[in-house]
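Quick notes on the structure that follows.
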Amino acid sequence: MGLFNFFKSKGQKSIAPLPEPESEPYYGDLNKTKILAGLIETPHEKRDDFWKDAFLGNVVEASFACGNPQVVEGPDGFPYFQLEIPKPNQPFQCYVIKHMVTDFILQKGVGVVINAGTGNPDWVFSYGDILNFHLRSEFYSEEVSWNLPKHEVIQEKEDVLIGQPSEMLLPHESRMVIRDFLQSLEIHKVKLLLMNRSRPEGNLQELVFNLTPDKFQSEDHYESIMRSIGWFLPRHYSYVSMHETSFKSHFLPL
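Using this note's numbering, read the sequence shown as starting at 283 and increasing by one per residue.
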């Protein structure tokens with residue numbers, strides 16, 4: 283969950299609205315909407331794990347109205363589609379997260395913010411959270427603590443398998459979204475591979491990008507870009523950068 287004061291640092295910056303989905307109108311579960319409406323009455327400081335489980339258990343199929351504008355830039359610089367609990371006794375166009383994911387969110391590269399109008403949203407989903415739901419039917423998956431150093435070296439005798447991430451790990455739409463994001467920052471010819479490593483904690487899968495500090499203006503610029511890539515990935519994913527010469531032909535265009 284990425285809760286923050288949504289308009290604190292930049293103000294409400296509108297982004298061009300997304301085109302209307304071409305599918306049939308959405309039909310959500312108004313009972314789940316009512317449950318959410320009750321849940322959000324709980325002050326933020328009193329929202330415990332039971333509250334979070336109840337919220338996430340109802341948010342996927344609930345009926346939402348969209349905010350105005352539809353898409354805003356959050357203080358983290360990323361685009362979010364605004365959803366709101368519909369006002370009682372007022373007509374609204376229904377939006378349902380479960381259907382939005384495959385209709386346009388995966389392709390358009392946006393996150394979702396719920397009830398951002400007050401500046402203190404009830405929930406914020408990154409694009410990576412949405413991707414995880416698409417792949418695993420849950421927004422957040424259990425993480426393994428790998429205790430990896432910031433800079434590490436693959437040992438000569440280490441058991442390493444190299445390949446490309448499957449559609450079940452990083453779908454084509456998501457690869458294109460990350461590629462377009464990087465190209466918008468004038469970062470081109472990005473390549474990717476998947477590395478599997480055997481470690482005491484278990485089997486570690488790492489997405490490896492051919493992005494290295496020498497290709498950027500500074501170390502800070504490089505680290506900022508690498509952090510930004512994390513917004514597009516499920517939170518339990520591990521990803522690193524490596525010189526392209528390390529695995530040569532195994533790197534393929536993102």
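Using N, Cα and C, we set each Cβ at its ideal position, and we do this for glycine too.
For clarity, every value in this text was computed on a predicted model and none was experimentally measured.
- N-terminal and C-terminal residue of the alpha helix (DSSP H) that Y504 is part of: Start at 1 with the first residue of the sequence shown, and residue 504 comes out as number 222. Element bounds for Y504: E501 to G512.
- How big is the Cα-Cα spacing for K314 and H454? Within the sequence shown, numbered from 1, the residue matching residue 314 stands at position 32. Within the sequence shown, numbered from 1, the residue matching residue 454 stands at position 172. Computed Cα separation, rounded: 32 Å.
- Message: Whole angstroms are fine: how far does the CA of E424 sit from the CA of F529?
- Response: Numbered from 1 along the sequence shown, position 247 holds the residue referred to as residue 529. Numbered from 1 along the sequence shown, position 142 holds the residue referred to as residue 424. Between F529 and E424, the C-alpha separation is close to 30 Å.
- Item | DSSP three-state assignment for K497, whether helix, strand or coil | For the purposes of this step, residue 497 is identified with residue 215 of the sequence shown, where counting begins at 1. Reduced to three states, the DSSP call for K497 is helix.
- Message: Determine whether the beta carbon atoms of F317 and I367 lie at a separation below 8 Å.
- Response: Here residue 317 is taken as the residue at index 35 of the sequence shown, counted from 1. Here residue 367 is taken as the residue at index 85 of the sequence shown, counted from 1. Just to set this straight, residue 317 is Ile in the shown sequence, not Phe. The answer is no: Cβ separation not under 8 Å.
- Task: Identify whether M477 lies in helix, strand or coil by the three-state DSSP scheme.
- Result: For the purposes of this step, residue 477 is taken as residue 195 along the sequence shown, with counting starting at 1. Three-state result, M477: strand.
- Query: Comparing alpha-carbon positions, which option in H503, R517, N492 and G310 lies nearest M382?
  - Reply: As a first step, residue 382 is located in the sequence shown; it is residue number 100 there, counting from the start. Ranking H503, R517, N492 and G310 by Cα distance to M382 puts G310 first.
- Message: Counting C-beta neighbours from all protein chains within 10 Å, is the total for M477 16 or more, i.e. buried, or is it exposed?
- Response: On the sequence shown, position 195 is the one that residue 477 refers to. M477 comes out buried.
- Query: Excluding sequence positions up to five away, which residues of its chain have a Cβ less than 7 Å from the Cβ of R461?
  - Reply: Numbered from its first residue, the sequence shown carries residue 461 at position 179. These residues qualify, in order along the chain: V472 and L536.
- Enumerate, from N- to C-terminal direction, the unbroken alpha helix (DSSP H) stretches of 4 or more residues contained entirely within the segment 348 to 382. 379 to 382
- Message: For C348 and C376, what's the separation of their Cα atoms in angstroms?
- Response: Translated into the one-based positions of the sequence shown, residue 348 becomes position 66. Translated into the one-based positions of the sequence shown, residue 376 becomes position 94. Roughly 8 Å separates the two Cα atoms.
- Message: Going by DSSP in three states, E420 sits in which element: helix, strand or coil?
- Response: The residue given as residue 420 occupies position 138 in the sequence shown. The answer is coil: DSSP assigns E420 none of H, G, I, E or B.
- Item | Own chain, CB closer than 6 Å to H532, minus 5 neighbours either side, in chain order | The residue you call residue 532 lines up with position 250 of the sequence shown. I444 and L475, listed in sequence order.
- Expressed to the nearest angstrom, what Euclidean distance is found between the alpha-carbon atoms of P403 and T527? Counting from 1 along the sequence shown, the entry for residue 403 is found at position 121. Counting from 1 along the sequence shown, the entry for residue 527 is found at position 245. Near 45 Å, if we compare the C-alpha coordinates of T527 and P403.
- Which first and last residues belong to the beta strand (DSSP E) in which V459 is found? Here residue 459 refers to the residue found at position 177 of the sequence shown. Note, V459: premise wrong, no beta strand (DSSP E); alpha helix (DSSP H) at H454 to S466.
- Query: If we ignore side chains and look at the alpha-carbon of each, how far apart do G339 and W333 end up?
  - Reply: Here residue 339 refers to the residue found at position 57 when the sequence shown is read from its first residue. Here residue 333 refers to the residue found at position 51 when the sequence shown is read from its first residue. Between G339 and W333, the C-alpha separation is close to 10 Å.
- Task: Excluding the 5 residues preceding and the 5 following T494 in the sequence, name in chain order all residues of the same chain whose CB lies nearer than 6 Å to its CB.
- Result: Taking the first residue of the sequence shown as 1, we reach residue 494 at position 212. Answer for T494: S523 and H525, listed in chain order.
- Item | For Y521, the three-state DSSP class (helix, strand or coil) | Counted from its first residue, the sequence shown places residue 521 at position 239. Strand.
- Count the other CB atoms, across all protein chains shown, that sit within 10 Å of the CB of D335; report buried if there are 16 or more and exposed otherwise. Along the sequence shown, one-based indexing puts residue 335 at 53. Exposed: under 16 other Cβ atoms inside 10 Å.
- Task: Assuming T517 and Y422 form a contact by the criterion Cβ under 8 Å, report the distance between their Cβ atoms to the nearest whole angstrom.
- Result: Position 235 of the sequence shown, counting from 1, holds the residue named residue 517. Position 140 of the sequence shown, counting from 1, holds the residue named residue 422. Per the sequence presented here, residue 517 reads as Arg, with Thr not at that position. Their Cβ separation, rounded to whole angstroms, is 6 Å, which keeps R517 and Y422 in contact under 8 Å.
- Message: Quick check on this structure: which residue in P370, Y521, T400 and G393 has the alpha carbon closest to the alpha carbon of P416?
- Response: Locating residue 416 in the sequence shown gives position 134, counting from the first residue. Checking the sequence, you will find His at residue 416 rather than Pro. Ranking the options by Cα distance to H416, first place goes to G393.
- Cα separation between E420 and D411? Residue 420 sits at position 138 when you count from the first residue of the sequence shown. Residue 411 sits at position 129 when you count from the first residue of the sequence shown. Taking the straight line joining both Cα atoms gives about 8 Å.
- Message: Rounded to the nearest angstrom, what separates F498 and L467 at their Cα positions?
- Response: Position 216 of the sequence shown, counting from 1, holds the residue named residue 498. Position 185 of the sequence shown, counting from 1, holds the residue named residue 467. Taking the straight line from one Cα to the other gives about 11 Å.
- Between the Cα of P373 and the Cα atoms of K380, F346, N397 and F363, which residue gives the shortest distance? Taking the first residue of the sequence shown as 1, we reach residue 373 at position 91. Residue F346 is the option with its Cα nearest to P373.
- Item | Chain-order list of residues whose beta-carbon lies under 6 Å from that of K380 (same chain, five-residue window excluded) | Taking the first residue of the sequence shown as position 1, residue 380 is located at position 98. Contacts found: V342 and E343.
- Task: Confirm, please, whether the CB-CB distance from L413 to L543 is below 8 Å.
- Result: No statement about residue 543 is possible, as the shown extent of the chain runs from 283 to 536 and does not include it.
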